[in-house]
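So the structure is just underneath, and the comments pick up after that.
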Amino acid sequence: MIGRDILGIEDLSREDIELILETAERMQEIGTREVKKVPTLRGRTLINLFFEPSTRTQTSFEIAGKRLAADVVNFSVGSSSVTKRETLLDTAKTLDAMDPDCVIVRHKVAGVPHRLAAVLGAPVINAGDGAHEHPSQALLDMLTVKEQKGRLEGLTVTIVGDIAHSRVARSNIHGFSKLGAEVRVAGPPTMIPAGIETLGVKRYTNLREAIEGADVVMALRIQMERLEGACFPSVREYAATFGLDRAKLRYAKEDAIVMHPGPVNRGVELAHELADHRPSVILDQVRNGVALRMALLYLVAGRRRKGEAEASRADIIAGEA
Amino acid sequence: MTRRVDEGGRLALGGGRILIRGGRLLDPAQERDGELDCLIEDGRIVAVDRGIAPEGAEIVDAAGCWVVPGLVDLHAHLRAPGQEYKEDLGSGGAAAVAGGFTQVACMANTDPVNDDPSVTKYILDRAEKESPARIRPIAAATRGLAGQVMTEMIALRGAGAVAFSDDGATIMDSGVMRRVLEYSTLAGAPVIVHAEDCHLRGHGVVHEGAVATRLGLPGNPAMAEELMVARDVRLAQWTGAHLHVAHVSTAGAVEAIRRAREAGVRVTAEVTPHHLTLTDAATMDFDTSTRVAPPLRSPEHVEAVRRGLAEGVIDAIATDHAPHATYEKEVEFTEAPPGMIGLETAVAVSLALVREGCLSPLELVRRLSTNPARVLGLEGGSLAVGLPADVVLIDPERAWNYDPGQGFSKSRNSPWADQRLVGRVLATFVAGRLVFHHERGVSNR
């Protein structure tokens, strides 16, 4: 995968996903060492290009890059290109002139990483674009489920919340479906986008039916600004109807796990008592996020430029990781 | 002296007698479709017949070509005054004749807005000097396109406005819309609407449906258009005004127009080449040249507007030519200004409808020329004897590569950029003067 852009799970094959997950499983060990660093990406420059603030994702990518000995530069741009009177193409060309080895992009508008990738010589990793995709999040979710359940094939995964505005939902729908899980989405009809069934999921507006027999229940973060958009009338009503708590979770399988991409609105999408303890695996997700992002960086930035010969994966893993 | 139009060379035609010979003449206004010659004298059509052999005429050999009346575009943004970096009356007029359009109606969303007779006159004066095509200004329906106070429609009509429209700034206030429609009957010109409920649209930039959901881009539902068309045809029925619905893109709008026409409402409608031939899937790579308003729709809507056009519910094909500077489109999809250029590609793109059996050649020409002229009450749209000789030669089979950088528009925002198109305008005459030749370029009339 050297030099390849990671723009979305939709573009990845099942084999790609399996390779990334296997690589991440090897990377997990590095985080347990006394010296949490390997020289794999020494001398490589990674740019975290965040047009939208995201402390968690940015920090996770930064730690991942540093554990692989890369130089990580944070390039935070707090606004859209229009307010800066600079085009995306200008931004891309400017970065390209600095000759990075990988650019990690977060933007509030769908498609921006794709447009940048078309111009940049370095591979681009999408760290979240609008309501489109957030591939590293879905991959770390899959890694976590695999760790907890030993498999993905045949599982039932229910995603609850604002599906319409969620890139995490879309990436997870693609990812879990590709690996043979059944994906259900649930939320008020105002939060379920038109034609979601065409992505191969089942649509529910009744939470109990949606989590009946589920192995994994994933709650999405409710964006309070959606109140203005009249997607739901009040936090109280949302929490009562779609908020997960132990009582509602009884409908899921006995050994079901609860996931959340963070940060949690306690008492809204997730009851306080669920956020901190089993069956919640939220902190496992965060921990796995670093290993997963190490795997992604290693797989795409192991060589300098798109199209250059692929480094031998076996060499790097055996020798350095 | 015989010249094939596709040989290029010096074609100093104009002013005298010109015989366009041996082509397939298509004149929907007179239901003519056949191998007929067309004789032009002093800028007017003087004879259309088989085997004309006049003395001393320059002869244009049109063998293999369609000979059609000058095309009429009901909907273009020529950006002057105020945004000449995108387009002006010279470049827009050149793009028009290169695309076979001899008359172009230009929208009022200029800077300043064409809501005052002085602006209308300015546009016409500049067009007279700069544009090889005849420019027909559409004036604003309300001052400043603000949807509140109606414009001086009678004075604007007197200055040369052919219709009234706030276009993309849909008049949401039904009370204002009612008054505008009522008053327009005094001025004797249609009100053109970009029918879209802006609240229902919200921030939507692509058709709400499976593609928008996949892409995570905000959706603009078909219902936003369907509701507003339903309102406007009812208001037109109530007021007796002539309503023209711009760029119909949804099945529900076609149905509402069909029913209104059956009820005798004075409603006409247009559809763009892009809404006839592209679906929302064209946006899958986030190419901002596919960001248009209304958005490209799903296949079932495209099918419905095609059927509406074939059945005559939709009268005309109009380009909605909307030039934007390259750098304005090199931004986030949601931030890119909506619109694509279309004057130079409309014929080639629309010819797909003939090849796919949706329209006969005569019916295509009717929708590109005769009907739009009729919608605006313009002279033209016909090759009848006595009319100004606005004549276009089209080779429907000729393949060419469309390079907007080599085109006449100042802008390049086209989803057909660098694509191979089939069907090419070879020559355009305005009032008997050759203003465009595909090898020689454009000259002013």
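Order-wise, the sequence lines are chains L and G. Going by this note's numbering, 286 is the number at position 286 of the first sequence; the sequence numbering is gapless. Going by this note's numbering, 308 is the number at position 308 of the second sequence; the sequence numbering is gapless. C-beta atoms are modelled at their ideal positions from N, C-alpha and C, and glycine is treated no differently.
Taking 8 angstroms as the cut-off, does the stretch 12-23 of chain L touch the stretch 169-179 of chain L (at least 3 CB pairs, one atom from each stretch)?
Verdict: yes, contact present.
Grab me the residues of methionine 218 of chain L's own chain with a C-beta within less than 6 angstroms of its C-beta, minus the 5 sequence neighbours each way, in chain order.
So the qualifying residues of the chain are Ile159, Met259.
Glycine 99 of chain G and alanine 346 of chain G: beta carbons closer than 8 angstroms?
Contact flag set, yes.
How many Å lie between aspartate 166 of chain G and valine 248 of chain G at the Cα?
Approximately 16 angstroms between the Cα atoms of the pair.
Determine the extent of the alpha helix (DSSP H) in which leucine 393 of chain G is found, giving its start and end residues.
Unbroken run through leucine 393 of chain G is the beta strand (DSSP E), 391-402; no alpha helix (DSSP H).
Is it buried or exposed, histidine 132 of chain L, if we count other Cβ atoms within 10 angstroms and call 16 or more buried?
So histidine 132 of chain L ends up on the buried side.
Looking at the structure shown, is proline 81 of chain G part of a helix, part of a strand, or coil, going by DSSP?
Coil at proline 81 of chain G, not helix or strand.
Starting from the N-terminal side, write out each stretch of the beta strand (DSSP E) that is 3 residues or longer and does not extend beyond the stretch 192-269 of chain L.
For the stretch 192-269 of chain L, whole beta strand (DSSP E) runs of length 3 or above, ordered along the chain, are 202-204, 216-219, 257-259.
Measure from the alpha carbon of aspartate 245 of chain L to the alpha carbon of each residue in L:Pro263, L:Leu220, L:Leu274, L:Ile257, then state which is nearest.
Selected option, being the one with the closest Cα: L:Leu274.
Is the distance from the Cβ of asparagine 413 of chain G to the Cβ of proline 295 of chain G below 8 angstroms?
No, Cβ-Cβ distance for asparagine 413 of chain G and proline 295 of chain G is not below 8 angstroms.
In the DSSP assignment, find the unbroken beta strand (DSSP E) run with aspartate 167 of chain G in it and report its ends.
First-last of the beta strand (DSSP E) with aspartate 167 of chain G: 163-167.
Taking the alpha carbon of histidine 75 of chain G as the reference point, which residue from G:Glu270, G:Glu130, G:Gly82 has its own alpha carbon closest?
Among G:Glu270, G:Glu130, G:Gly82, the Cα nearest to that of histidine 75 of chain G is on G:Glu270.
What's the gap between the Cα of aspartate 162 of chain L and the Cα of aspartate 101 of chain L?
Rounded to whole angstroms, aspartate 162 of chain L to aspartate 101 of chain L spans 35 angstroms at the Cα level.
If phenylalanine 429 of chain G and aspartate 390 of chain G are in contact, beta carbons under 8 angstroms, what's the gap, nearest whole angstrom?
Going by Cβ atoms, the distance from phenylalanine 429 of chain G to aspartate 390 of chain G rounds to 7 angstroms, so yes, they are a contact pair.
Tell me, please, which residues DSSP counts as bridged to phenylalanine 436 of chain G.
Its beta-bridge partners are G:Thr428, G:Val442.
Along chain G, in chain order, which residues have C-beta atoms closer than 7 angstroms to that of arginine 167 of chain L?
Under the 7 angstroms cutoff, chain G gives Gly216.
Which of helix, strand or coil does DSSP assign to alanine 47 of chain G?
Correct three-state label for alanine 47 of chain G: strand.
Among all the DSSP beta bridges, which residues are the ones paired with alanine 141 of chain G?
Alanine 141 of chain G is not bridged to any residue.
If you draw a straight line from the C-alpha of tyrosine 122 of chain G to the C-alpha of alanine 159 of chain G, how long is it?
Approximately 10 angstroms, taken between the alpha carbons.
List, from N- to C-terminal side, the beta strand (DSSP E) runs of 3 residues or more that fit wholly inside the stretch 353-389 of chain G.
Taking only runs of at least 3 residues, no beta strand (DSSP E) segment lies wholly in the stretch 353-389 of chain G.
According to DSSP, what are the bridge partners of phenylalanine 101 of chain G?
Answer is G:Leu71.
Which partner residues of asparagine 172 of chain L appear in the DSSP bridge assignment?
According to DSSP, which records beta bridges pairwise, asparagine 172 of chain L is partnered with nothing at all.
So, with DSSP's three-state summary, where would you put cysteine 198 of chain G?
The answer is helix: DSSP assigns cysteine 198 of chain G an H, G or I state.
Alpha carbon to alpha carbon, how far is asparagine 444 of chain G from glutamate 130 of chain G? Give it in angstroms, no decimals.
Spanning the two alpha carbons is a distance of roughly 7 angstroms.
For alanine 194 of chain L, return the contacting residues in chain A, with the cut-off set at a CB-CB distance below 8 angstroms.
Of the chains in the structure shown, none is chain A; the protein chains are L and G.
Assuming isoleucine 20 of chain G and valine 68 of chain G are in contact, meaning their beta carbons sit under 8 angstroms apart, how far apart are those beta carbons, in whole angstroms?
No, isoleucine 20 of chain G and valine 68 of chain G are not in contact; Cβ-Cβ is about 11 angstroms, not under 8 angstroms.
Compute the Euclidean distance between the alpha carbons of valine 157 of chain L and leucine 215 of chain G, then round it to the nearest angstrom.
Each residue's Cα considered, the two are about 22 angstroms apart.
In terms of DSSP beta bridges, what is threonine 156 of chain L paired with?
Answer is L:Glu182, bridged to threonine 156 of chain L.
Taking DSSP as the reference, what is the three-state secondary structure of leucine 39 of chain G?
Residue state, collapsed to three classes: strand.
Of all the CB atoms in chain G, is at least one closer than 8 angstroms to the CB of alanine 314 of chain L?
At alanine 314 of chain L, the pLDDT of 44 sits below 50, so the modelled position is not reliable; the number obtained from the coordinates is stated separately. Answer no: the Cβ-Cβ gap between alanine 314 of chain L and chain G never drops below 8 angstroms.
Assuming contact is defined by CB atoms lying nearer than 8 angstroms, are leucine 143 of chain L and leucine 296 of chain L in contact in what I supplied?
Taking 8 angstroms as the Cβ cut-off, leucine 143 of chain L and leucine 296 of chain L do not qualify as a contacting pair.
Taking 8 angstroms as the threshold (C-beta atoms), are glycine 380 of chain G and proline 388 of chain G in contact?
Yes.
For valine 104 of chain G, which of G:Glu55, G:Ala47, G:Ala127 has the nearest alpha-carbon?
Nearest of G:Glu55, G:Ala47, G:Ala127 to valine 104 of chain G, Cα basis: G:Ala127.
What's the gap between the Cα of isoleucine 257 of chain L and the Cα of glutamate 335 of chain G?
In a straight line, the C-alpha of isoleucine 257 of chain L is about 40 angstroms away from that of glutamate 335 of chain G.
Reducing DSSP to helix, strand and coil, say where tryptophan 66 of chain G ends up.
Strand.
With a CB to CB cut of under 8 angstroms and the five nearest residues on each side skipped, what residues in its chain are close to glutamate 208 of chain G?
Answer for glutamate 208 of chain G: Gly219, Asn220, Pro221, Ala222, listed in chain order.
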